[in-house]
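S.K.: Sharing a structure, written as structure tokens. Questions coming.
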Amino acid sequence: MVERRPLRSRLARALLAAALLGAGGIAVVQATAGTSSLAAWTSWGNSPARTADAAAEPSILTRAFVLPLGGRITNQVLAANGAYFVGTSTGAVVSFTPAGVVRWKVQLGQLASRCAQLDGYGMTGTGVIDPASRTLYVMDAFGRLHALSLATGAEEPGWPVQVYTDFRKELDWGALTLVDGSVYVPTASYCDTAGTPGAVYKIDTASRTATQWLSVPLASGGGGGPWGWGGVAYDAALNTLFTVTSGAFDGGTNTGDAYSEFVGYGDQLVQLDPDLTVASADHPPDIPDRMDLDYVGSPVIFTRPGCGQLVAATDKDDTVYLWHANAIASGPVAEVHLQAYNAADPMLAQLAWSPALDSLYTATGTQLVRIAVAVNCSAAVGWSDPLGTQTENGSPTISGNTVWITVNGKPVLDGFDAATGKRLVQDPLGGTTLTAPTIVGKQLVIGTFTGLVEGFGLSSKGASPQ
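Residue numbers (the working numbering): 1 to 466.
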């Protein structure tokens, strides 16, 4: 039997290292930012398809502000109606201006837990904004879905909704997804607690009723939760959801010589209809059992001209898989091994997709990688750029021909030429950062694991080469 590492090692090293690396922090700085033509970034990855592709083409950074909020920030900054929104591990949800000035702050409560991944649990996963109703939906650590006014932070009438009650075992780690008036909430365990549900919940925002899909039956040990920051992805063309899961736990009827992480829908790409009925699923046979090889983050859905609609996902063993979106059960059409797997430094970053270059981007513990997808659906590493680290890095965001990513251990924000991999610009950050940059208008904003929100102005001239 393989020894089970706390929280499947997926966040343990990253979070504990972050606490150490960010301990020194930086001096609090707040400068006046220039005016920003703030557009919107309403969900993780700027799209329910989780492509992390921004419209801008900036390559130069000018520090605009540093806003200290306290706690840890593990969710991506969102933007709408000329303002930004972010949550912290203290349970605070904060709205602020493009100049880094707080507009409003609400407190949703903090849960103490024996799982020492965070110093208390508040808002961990990224919320989602409904621009039509001007509402921000967020999960707290007590299993409640909140609906907050974008303008004031006030709770909308009839909210919050209790989504699940076993909140001392189950947590929303990943981003929320809004589809046709329903919010989808992924949950997984604290610190690999056997018998814990791994689930996706659907909450109808009109009736405020919740339904549930379980990845692995509790009688089979439970687990299998979607735990990565990207949450559940949605394919509008097929009107379907895609999620990737972690392994089943050792327990119940799934134990002893019969134990497998693949029981139920453990360690699989799963396609769900909007009512949470399973439409299809796949587990590539070359992923070994009992080795803690969960899938990472969220699937990314994209169209490669000549190849069609594809779904991509990564495994902790530094492998990227691609499927045809309408034929998941047929297995992957391509897989790319990025580097030799190191169990002490598993891959945790999310994928991003550049339609301009027909390429996926991701970060391992040591390098930033471009994966070129060909017209015949094959895929291969286009380039890999050493980051000078052996730790968990952030997830990339694409803006035109620039890839932005946080590099931990230093820590810095780097911009790379998406075509060549050449580093274009680098700026220090005030602590380890596990989330991906948000880019709206002429501004880049990101939250750190030391509780800072850092804002940068973006331009295309006047850079000093790094």
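In this text, a Cβ means the ideal position worked out from N, Cα and C, and glycines have one as well.
Quick one: which unbroken beta strand (DSSP E) runs of 3-plus residues sit fully inside the stretch 410 to 461? Chain order, please.
M.R.: The stretch 410 to 461 contains these whole beta strand (DSSP E) runs: 412 to 417, 423 to 428, 438 to 440, 443 to 447, 452 to 459.
S.K.: What is the DSSP secondary structure of L67, counted as helix, strand or coil?
M.R.: If you number the sequence shown from 1, residue 67 lands on position 67. Three-state DSSP puts L67 in a strand.
S.K.: Would you please verify whether the beta carbon of G125 is less than 8 Å from any beta carbon of chain D?
M.R.: Included in the structure is just one protein chain, with no chain D present.
S.K.: Using the beta-carbon count (16 or more within 10 Å), is A27 buried or exposed?
M.R.: Taking the first residue of the sequence shown as position 1, residue 27 is located at position 27. Low confidence applies here, because A27 scores a pLDDT of 35, under 50, leaving its location unreliable and the question unanswered by this model.
S.K.: Helix, strand or coil for I73, going by three-state DSSP, please let me know.
M.R.: Stepping through the sequence shown from its first residue, residue 73 is reached at position 73. The answer is coil: DSSP assigns I73 none of H, G, I, E or B.
S.K.: Are there 16 or more other CB atoms within 10 angstroms of the CB of N75, so buried, or fewer, so exposed?
M.R.: Here residue 75 refers to the residue found at position 75 of the sequence shown. By the 10 Å Cβ count, N75 comes out buried.
S.K.: Taking all protein chains shown into account, do 16 or more other C-beta atoms lie within 10 angstroms of the C-beta of Q390, making it buried, or fewer, making it exposed?
M.R.: Start at 1 with the first residue of the sequence shown, and residue 390 comes out as number 390. Classification of Q390: exposed, given that the 10 Å Cβ count is below 16.
S.K.: Just reading off the beta strand (DSSP E) that I371 is part of, what are its end residues?
M.R.: For the purposes of this step, residue 371 is identified with residue 371 of the sequence shown, where counting begins at 1. Its beta strand (DSSP E) spans residues 367 to 373.
S.K.: Taking just the CA atoms, how far does A325 sit from V311?
M.R.: Looking up residue 311 in the sequence shown gives position 311. Looking up residue 325 in the sequence shown gives position 325. Approximately 5 Å, taken between the alpha carbons.
S.K.: Measure the CB-CB distance between P160 and L150 and report whether it falls below 8 Å.
M.R.: Taking the first residue of the sequence shown as 1, we reach residue 160 at position 160. Taking the first residue of the sequence shown as 1, we reach residue 150 at position 150. In this structure, L150 does not lie closer than 8 Å to P160 by Cβ.
S.K.: Can you check which of these residues, P299, L269, T420, V300, is closest to P285 by C-alpha distance?
M.R.: Mapped onto the sequence shown, residue 285 falls at position 285. Looking at the Cα atoms, L269 is the closest of the given residues.
S.K.: Taking all protein chains shown into account, do 16 or more other C-beta atoms lie within 10 angstroms of the C-beta of T253, making it buried, or fewer, making it exposed?
M.R.: As a position in the sequence shown, residue 253 is number 253, starting the count at 1. Burial call: exposed.
S.K.: Between which two residues does the beta strand (DSSP E) holding G87 run?
M.R.: The sequence position of residue 87 within the sequence shown is 87, counting from 1. 83 to 87 is the extent of the beta strand (DSSP E) around G87.
S.K.: Going along the chain, which residues of its own chain have a beta-carbon closer than 6 Å to the beta-carbon of D318, five neighbours each way excluded?
M.R.: Along the sequence shown, one-based indexing puts residue 318 at 318. For D318, where only same-chain residues beyond five positions count, the Cβ hits under 6 Å are L338, Q339, Y341, M347, T364.
S.K.: What three-state label does DSSP hand W159 in the structure shown?
M.R.: Residue numbering aside, residue 159 sits at position 159 when the sequence shown is read from its first letter. Residue state, collapsed to three classes: coil.
S.K.: Once the 5 residues before and after N239 are set aside, which same chain residues still bring their CB inside 7 Å of it?
M.R.: Locating residue 239 in the sequence shown gives position 239, where the first residue counts as 1. The answer, listed in chain order, is P274.
S.K.: Would you tell me roughly how many angstroms separate the C-alpha atoms of D250 and G264, rounded to the nearest one?
M.R.: The sequence position of residue 250 within the sequence shown is 250, counting from 1. The sequence position of residue 264 within the sequence shown is 264, counting from 1. Those two C-alpha atoms are separated by around 13 Å.
S.K.: Among the residues of its own chain, which have a CB less than 8 Å from the CB of G181, if the five just before and after it don't count?
M.R.: Mapped onto the sequence shown, residue 181 falls at position 181. Closer than 8 Å at the Cβ level, and outside the excluded window around G181, lie D204, T205, A206.
S.K.: The beta strand (DSSP E) that contains P299, what's its start and end?
M.R.: As a working mapping, residue 299 is identified with position 299 in the sequence shown. It spans 295 to 304 - the beta strand (DSSP E) in which P299 sits, taken as one unbroken run.
S.K.: For D385, which option in T126, R63, Q367, M291 has the closest C-alpha, if you only look at C-alpha atoms?
M.R.: Here the question's residue 385 lines up with position 385 in the sequence shown. Of the listed residues, the one whose Cα sits closest to D385 is Q367.
S.K.: Mind pulling the beta strand (DSSP E) runs of 3 or more residues that sit fully within the stretch 132 to 181?
M.R.: Qualifying beta strand (DSSP E) stretches, in chain order: 135 to 139, 144 to 149, 177 to 179.
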